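S.K.: Structure below; questions to follow.
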Amino acid sequence: MKQTATTKTSYHIPVGPIHPALKEPVFFEFEIEGERIVDVDVKLGHVHRGIEWASRKRNPIQILYLAERICGICSFCHPAAFTLAVETAADIQAPERAEYLRVIQGEIERITSHVLWAGVAAHEIGFDTVLFLTWQMREKLMDLTEYLCGNRVTKGIMTIGGIRRDITEDMIPKITDTLNYLKDNFEKLRKIFLDDKTIRMRSQGVGILTKENALKLCAVGPTTRASGVKKDVRVDTSYFAYGDLDIDFITPDVLTNEVNGDVYDRIIQRLLEVKQSIGLIEQCLDTMPSGDIVVEPKIPKLLNQLKKVNGEGVGRHEAPRGEVIHYVKFDGENESPYTWKVRAPTYNNILPWIPMLKGEQIADIPIIAASTDPCMSCTNRVAIADGSKKYEMQKEELHRLSIEKTRRLMK
Amino acid sequence: MAKGLTKAFKKALWVYHCNSGSCNGCDIEIIAALCPRYDVERFGIRLVGSPRHADALLVTGPVTRQMVDKVQRIYEQMPDPKAVICVGNCGNTGDVFYESYNLVGPIDNVLPVDVHVIGCPPRPEAIIFAVAKAWTKLETLEGKK
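The listed protein sequences derive, respectively, from chains A and B. Residue numbers for the first sequence follow my numbering, beginning at 111 and rising by one. Residue numbers for the second sequence follow my numbering, beginning at 527 and rising by one.
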């Protein structure tokens with residue numbers, strides 16, 4: 111029998127930009143050979159709304175609300191970083207109590223975001239029970255956020271030179287109740303995520319980001335710490351009240367004595383951070399001094415003061431996904447800033463996708479992409495172009511593939 | 527449930543969610559509506575993965591220039607009768623981004639919207655109410671046949 115020579119061809123799979131479930135539009139192009147991913151390309155810019163441009167027509171207080179709407183999940187950290195930048199430029203020092211209140215708000219946001227992520231990650235490997243369990247926990251946190259800030263998602267709590275709402279004595283029982291509820295359920299989550307066979311099988315040794323790559327590609331936040339890089343703005347620079355609190359770097363080796371940089375490590379990392387955040391809020395409630403919560407309560411007076419500022423400032427804050435940097439410059443003539451530049455953590459965490467995804471299977475795309483907790487990720491509409499034949503693959507199809515892989519491994 | 531909706535529904539309502547450049551705020555509230563606290567799945571309302579299976583379209587975000595043709599294509603792929611629900615202030619009016627150079631929205635400029643939900647972001651209760659309104663429209667259309 112005559113053997114015909116076969117040539118190896120690779121397929122290109124475009125994924126995106128519309129996602130039926132959770133996330134923002136982003137476009138991927140995968141080059142695959144069989145089931146293995148050979149190369150990945152990412153295209154961004156579908157959510158460009160011209161926010162930095164719009165800032166040139168608004169005053170710093172109005173920009174706070176604009177910054178809040180950069181991302182609905184990080185609705186505290188963007189205004190926080192902007193406030194830090196403006197405070198550096200204008201040389202304003204927020205009162206001691208406000209710094210503690212800011213830490214409490216920031217850590218509540220971190221817990222909410224990590225619990226949300228835990229549910230999404232479980233959903234991506236076909237474990238929907240855990241999605242509902244974690245989102246039930248999240249509703250308790252949303253109640254707390256609403257109680258403290260007045261809204262569930264966009265909080266409107268930050269202001270330049272302080273914070274807008276105080277936490278009074280009678281509010282503390284509700285906070286401790288929620289924290290106790292979280293602590294009770296934390297053990298349940300820890301058991302599911304760290305001891306469950308299904309999650310271990312799907313996440314161990316998958317989507318590895320080595321320490322070298324994490325450093326080279328400038329990954330930030332839990333993504334880089336899960337690879338063993340000790341980088342955390344809360345420890346590196348003591349902004350807000352973090353300098354007074356007992357806080358240290360957390361890497362997954364605290365629990366497992368080794369760092370692999372895989373998806374499993376990123377799960378451990380986030381769970382440990384939830385625990386750390388609960389501890390930080392408790393420390394703040396215990397040691398919070400009394401006093402004013404804002405330097406200048408009269409907004410027109412504050413704006414007048416900011417109008418005369420001629421200088422620039424950088425604000426860095428550890429958001430749930432990593433370091434967020436805001437740069438702001440005032441020219442001393444106009445009310446609105448001369449420049450405002452935002453660097454969100456997801457920009458840095460996009461490039462590490464490439465080494466993570468290379469060599470992995472198509473069924474692993476959802477969990478690997480979700481493991482960096484992207485503000486935008488997209489695994490929905492896949493069109494496989496095979497020469498002249500063209501057919502489409504939905505996110506559900508990918509999701510099904512992912513579930514099938516779990517079933518296969520269970521056997 | 528909304529007025530005008532029969533006690534026994536003719537069919538379950540399947541919803542497709544399309545993000546046209548939103549900030550994620552409305553999107554997480556939509557997911558929250560599906561999760562245990564609000565649990566709309568008990569009424570048969572479900573998020574589906576393809577517009578071809580959907581009865582109603584939930585659009586969030588102010589429609590950026592890059593997303594216009596995609597949003598229109600999603601709308602065209604849906605079978606008739608269909609309803610469009612615009613969730614969130616930025617889809618309705620542009621909200622804080624109203625003057626931006628990169629927006630084609632509000633969504634009214636791109637799609638025929640049946641139900642407007644305001645709020646930044648709207649609470650899950652408001653989103654559920656809007657879906658029930660859209661349901662009433664679809665049932666009425668069905669009744670006229």
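For each residue, glycine too, the CB sits at the ideal point set by N, CA and C. Small disclaimer: the values here were computed from a predicted structure and weren't measured.
Taking the beta strand (DSSP E) that A/Gly432 belongs to, which residues open and close that run?
M.R.: Run containing A/Gly432: Gly432 to Asp441, per the beta strand (DSSP E) assignment.
S.K.: For the segment 142-171 of chain A, which residues have a beta carbon sitting closer than 8 Å to at least one beta carbon of chain B?
M.R.: For the segment 142-171 of chain A, which is checked against every Cβ of chain B, the residues closer than 8 Å are Gly155, His156, Val157, His158, Arg159, Gly160, Ile161, Trp163, Ala164 and Lys167.
S.K.: Of all Cβ atoms in chain B, is any one closer than 8 Å to the Cβ of A/Arg262?
M.R.: Yes, because at least one Cβ of chain B sits closer than 8 Å to the Cβ of A/Arg262.
S.K.: Determine the DSSP secondary structure at A/Val263, reduced to helix, strand or coil.
M.R.: Three-state DSSP puts A/Val263 in coil, outside helix and strand.
S.K.: Please determine if the segment 307-317 of chain A and the segment 339-352 of chain A are in contact, where contact requires at least 3 C-beta pairs separated by less than 8 Å.
M.R.: No: fewer than three Cβ pairs fall under 8 Å.
S.K.: Can you confirm whether the segment 561-573 of chain B touches the segment 535-550 of chain B when touching is taken to mean that 3 or more C-beta pairs between the two stretches lie within less than 8 Å?
M.R.: Yes, the segment 535-550 of chain B is in contact with the segment 561-573 of chain B.
S.K.: So if DSSP puts A/Met268 in a beta bridge, which residue, or which two residues, is it bridged to?
M.R.: Answer by DSSP bridge pairing, in chain order: A/Ile273.
S.K.: Select from the segment 589-606 of chain B all residues with a C-beta closer than 7 Å to any C-beta belonging to chain A, and list them in chain order.
M.R.: Listed by position, the residues of the segment 589-606 of chain B near chain A (Cβ gap below 7 Å) are Thr590, Gln592, Met593, Lys596 and Ile600.
S.K.: Roughly how many whole angstroms lie between the Cα atoms of A/Val424 and A/Pro447?
M.R.: When rounded, the distance between both Cα atoms is 13 Å.
S.K.: Interface residues of chain A around B/Glu625 at Cβ under 8 Å?
M.R.: What B/Glu625 touches in chain A: Ala164 and Lys167.
S.K.: Cβ of B/Glu651 less than 8 Å from any chain A Cβ?
M.R.: No, its Cβ sits nowhere closer than 8 Å to a Cβ of chain A.
S.K.: Would you report the Cα separation of B/Ala609 and B/Glu555, rounded to the nearest angstrom?
M.R.: Spanning the two alpha carbons is a distance of roughly 20 Å.
S.K.: Closer than 8 Å, CB to CB, is B/Glu668 near chain A or not?
M.R.: Not closer than 8 Å to any Cβ of chain A, the Cβ of B/Glu668 fails to qualify, so no.
S.K.: Given a cut-off of 8 Å on the beta-carbon distance, is the pair B/Gly620 and B/Pro577 in contact?
M.R.: For B/Gly620 and B/Pro577, no; Cβs fall outside 8 Å.
S.K.: Please state whether the Cβ-Cβ distance between A/Val525 and A/Asn459 is less than 8 Å.
M.R.: Any property of residue 525 of chain A remains undetermined from this structure, which presents chain A solely from 111 to 521.
S.K.: Among A/Glu368, A/Asp356 and A/Glu428, which one has its Cα closest to the Cα of A/Thr397?
M.R.: Ranking A/Glu368, A/Asp356 and A/Glu428 by Cα distance to A/Thr397 puts A/Asp356 first.
S.K.: Cβ of A/Cys187 less than 8 Å from any chain B Cβ?
M.R.: Closer than 8 Å: no.
S.K.: For B/Phe623, which of A/Ala228, A/Arg159, A/Ile377 and A/Asp402 has the nearest alpha-carbon?
M.R.: When each option's Cα is compared against that of B/Phe623, the closest is A/Arg159.
S.K.: Quick check on B/Asp606: buried or exposed, where buried means 16 or more other Cβ atoms within 10 Å of its Cβ?
M.R.: Exposed, by the Cβ-count rule.
S.K.: According to DSSP, what are the bridge partners of B/Ala680?
M.R.: Outside the shown range of chain B (527 to 671) lies residue 680 of chain B, about which nothing can therefore be said.
S.K.: Considering just the uninterrupted stretch of the beta strand (DSSP E) at A/Asp151, what are its terminal residues?
M.R.: Segment Arg146 to Lys153, the beta strand (DSSP E) holding A/Asp151.
S.K.: For the segment 617-644 of chain B, which residues have a CB atom closer than 8 Å to at least one CB atom of chain A, in sequence order?
M.R.: The residues in question are Asp621, Val622, Phe623, Glu625, Ser626, Tyr627, Asn628 and Leu629.
S.K.: According to DSSP, is A/Tyr349 part of a helix, a strand, or is it coil?
M.R.: In this structure, A/Tyr349 counts as coil in the three-state DSSP scheme.
S.K.: Cutting at 6 Å between CB atoms, please list the residues of its own chain near A/Lys499, excluding the five before and the five after it.
M.R.: Summary for A/Lys499: the model assigns pLDDT 42, below 50, so the residue's position carries little reliability, and this model does not support an answer.
S.K.: Would you please state the rounded distance, in angstroms, between the beta carbons of A/Gly72 and A/Ser337? I believe it to be under 8 Å.
M.R.: Only positions 111 to 521 of chain A appear in this structure, which leaves residue 72 of chain A out of reach.
S.K.: Within the continuous alpha helix (DSSP H) that includes A/Leu207, where are the two ends?
M.R.: Checking the sequence, you will find Arg at residue 207 of chain A rather than Leu. It spans Glu206 to Glu234 - the alpha helix (DSSP H) in which A/Arg207 sits, taken as one unbroken run.
S.K.: In chain order, what residues of the same chain have a beta carbon less than 8 Å from the beta carbon of A/Arg248, not counting five sequence neighbours either side?
M.R.: Closer than 8 Å at Cβ, skipping near neighbours: Thr222, Val225, Leu226 and Gly229.
S.K.: Please decide whether A/Pro447 counts as near chain B, where near means a Cβ-Cβ distance under 8 Å.
M.R.: Answer no: the Cβ-Cβ gap between A/Pro447 and chain B never drops below 8 Å.
S.K.: Cutting at 8 Å between CB atoms, please list the residues of its own chain near A/Lys468, excluding the five before and the five after it.
M.R.: Result list for A/Lys468: Ile147, Val148, Asp149 and Val150, in chain order.
S.K.: Distance cutoff 8 Å, beta carbons only. Does A/Pro205 sit that close to anything in chain B?
M.R.: A/Pro205 does not count as touching chain B.
S.K.: Is there a C-beta anywhere in chain B that falls below 8 Å from the one on A/Trp463?
M.R.: No, A/Trp463 does not count as interfacial toward chain B.
S.K.: Over what stretch of residues does the beta strand (DSSP E) that includes B/Val639 continue unbroken?
M.R.: Segment: none, B/Val639 is in no beta strand (DSSP E) and carries neither H nor E.
S.K.: Mind checking who A/Ile173 pairs with in its DSSP beta bridge?
M.R.: According to DSSP, A/Ile173 bridges with nothing at all.
S.K.: Let me see if you follow: with CB-CB separation under 8 Å, is A/Pro135 close to chain B or not?
M.R.: Cβ-Cβ to chain B under 8 Å: yes for A/Pro135.
S.K.: For A/Leu132, collect the residues of the same chain with a Cβ closer than 7 Å to its Cβ; drop the 5 residues on either side in sequence, then sort them by chain order.
M.R.: Here A/Leu132 scores only 46 on pLDDT, less than 50, and its place in the model is too uncertain to base an answer on.
S.K.: Pairs of beta-carbons, one from the segment 654-661 of chain B and one from the segment 622-641 of chain B, closer than 8 Å: are there three or more?
M.R.: Output reads yes: the segment 622-641 of chain B touches the segment 654-661 of chain B.
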